[in-house]
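The next block holds one structure in the form of structure tokens; read it before the comments.
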Amino acid sequence: MNQEKLLLGPGPSNAHPSVLQAMSQPLIGHLDEDFLQIMADIKRMLQATFQTQNELTFAVSAPGSAGMETCLVNLLEPGDEAVICIHGVFGNRMADIAERCGAKVIKVEAPWGEAIDPDQVREALKICRPKLVAIVHAETSTGVLQPLTEISELVHEVDSLLVVDAVTSFCGTYLNIDEWGIDAVYSGSQKCLSAPPGLSPVSFSARAVEVLNARKTKVQSWFLDLSLVSNYWQGAKRAYHHTAPISSMYALKEALNLVLQEGLKARFERHLQAHKLLKVGLEDMGFEFLVSEEYRLPMLNAIKLPVGIDDQLVRDKLLKNHQIEIGAGLGGFAGKVWRIGLMGENARPKPVSTLLSALKEII
Ligand SMILES: Cc1ncc(COP(=O)(O)O)c(C=O)c1O
309 MNQEKLLLGP GPSNAHPSVL QAMSQPLIGH LDEDFLQIMA DIKRMLQATF
359 QTQNELTFAV SAPGSAGMET CLVNLLEPGD EAVICIHGVF GNRMADIAER
409 CGAKVIKVEA PWGEAIDPDQ VREALKICRP KLVAIVHAET STGVLQPLTE
459 ISELVHEVDS LLVVDAVTSF CGTYLNIDEW GIDAVYSGSQ KCLSAPPGLS
509 PVSFSARAVE VLNARKTKVQ SWFLDLSLVS NYWQGAKRAY HHTAPISSMY
559 ALKEALNLVL QEGLKARFER HLQAHKLLKV GLEDMGFEFL VSEEYRLPML
609 NAIKLPVGID DQLVRDKLLK NHQIEIGAGL GGFAGKVWRI GLMGENARPK
659 PVSTLLSALK EII
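Quick look at the structure:
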């Protein structure tokens, strides 16, 4: 049996005991009426947590990257134009997938640690007629929370679709799919939802569904083709598509239950308060944040490493002596930045004080 560790990295976060307990329920068939009811419950709870009426809302049976791929491979066809905003690792991944779809990618880039300026999107939209504009709401690689409302207006003015990566923001900070006019969104189960990794909640607007229905070519991925998988998630007669990960679905249902019991507003506030507590503690120790206050993610704190601190040594000691995981910097930030996640169950005073005491002992 693995020893329990405090997961304060970029994800996964620790799951609530009742989520782990839900996973250990006996298996049932994936077309059993009882399981279809669980899927219906999950869909309803995802609509509530995404704050959407979208009919096509479900959980892809694979991690967040598969949700990303589901959005892009279904909406893009060879020859389409796609504006992809890049301000960290995950924007780059979206651009790579869109290119693999045969789309012409127009990149809008901001330095890592900064948000995309709506004016950059405005300029890009003057030189192309994109089918979609894709952007990351919470860039886990840099700790930036990207404002979306102005960009959404620009995208819809030119009749394009807005695709949003909400892997890290979902259930941790304000995200309203219908109010913000998001046409396709994907997330992950392992971050602020505090369920095990392996499922990707997604949702598509009626406009996005129209685009899907008007496709001229087959979706290049069989597994992620929404015209096939949606027959399993909705409709009077459910058709076998793949064998759903039953135990993970039990866990997702319980995790969503906990979110709705707590209430979205209270949950977002809890994430913010945990971030503020960590900020005070870290600043007292002399650490500085990478991202300016206005664009800081509460659930992913990117902090600069002061000269003289050995990145690997401190993280090793945290893990081996204190059973605490934090995240290293990615790409150009390797060795220069730590990424401290306060996601879901871990966005509470106790994990913050445990980490601060351990850091004080080590440094
Ligand atoms: C912003 C963002 N997008 C996409 C992903 C990919 O998700 P997964 O690792 O679950 O495939 C991650 C994972 O950390 C992420 O943080």
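Going by our numbering, the sequence shown opens with residue 309, and the numbers climb by one from there.
Ideal Cβ placement from N, Cα and C applies to all residues, glycine included.
Keep in mind the model is a prediction, meaning the values are calculated, not measured.
| query | result |
| --- | --- |
| Local conformation of residue 393 per DSSP, three classes | strand |
| Neighbour flag for residue 661 against chain C, beta carbons, 8 Å | Absent from the structure is chain C; it holds one protein chain and no more. |
| Other residues of its chain near residue 676: CB distance less than 7 Å, five sequence neighbours each side excluded | This structure cannot settle anything about residue 676, because the visible part of the chain is limited to 309 through 671. |
| Residue 372: first and last residue of the uninterrupted alpha helix (DSSP H) it sits in | 372-383 |
| Pairwise C-alpha distance: residue 652 and residue 605 | 13 Å |
| Where residue 314 falls, given that 16 or more other Cβ within 10 Å makes a residue buried | buried |
| Assigned secondary structure, residue 619 (DSSP; H/G/I helix, E/B strand, else coil) | helix |
| Unbroken stretches of the beta strand (DSSP E), 3 residues or longer, contained in the region 458-517 | 469-473, 492-494, 508-512 |
| Alpha helix (DSSP H) runs wholly inside the region 400-445, at least 4 long, in chain order | 426-434 |
| Nearest-angstrom beta carbon gap, residue 378 and residue 510 [assumed within contact, 8 Å] | 6 Å |
| Heavy atom of ligand 1 within 7 Å of residue 463 beta-carbon | no |
| Boundaries of the beta strand (DSSP E) in which residue 642 is found, first to last residue | Neither: residue 642 is in no beta strand (DSSP E) and is coded neither H nor E. |
| DSSP-derived helix/strand/coil call for residue 368 | strand |
| Assigned secondary structure, residue 666 (DSSP; H/G/I helix, E/B strand, else coil) | helix |
| Inter-residue spacing [alpha-carbon to alpha-carbon] between residue 457 and residue 406 | 23 Å |
| Bridge partner(s) assigned by DSSP for residue 609 | 648 |
| Span separating the alpha-carbon of residue 331 from that of residue 311 | 18 Å |
| Heavy atom of ligand 1 within 7 Å of residue 476 beta-carbon | yes |
| Limits of the beta strand (DSSP E) - the one that residue 633 falls within | 632-636 |
| Separation of residue 595 from residue 528, as counted between CA atoms | 47 Å |
| Whether residue 627 touches residue 670 by CB criterion (8 Å) | no |
| Collapsed DSSP secondary structure at residue 566 in the structure displayed | helix |
| Identity of the residues DSSP links to residue 596 by a beta bridge | 612 |
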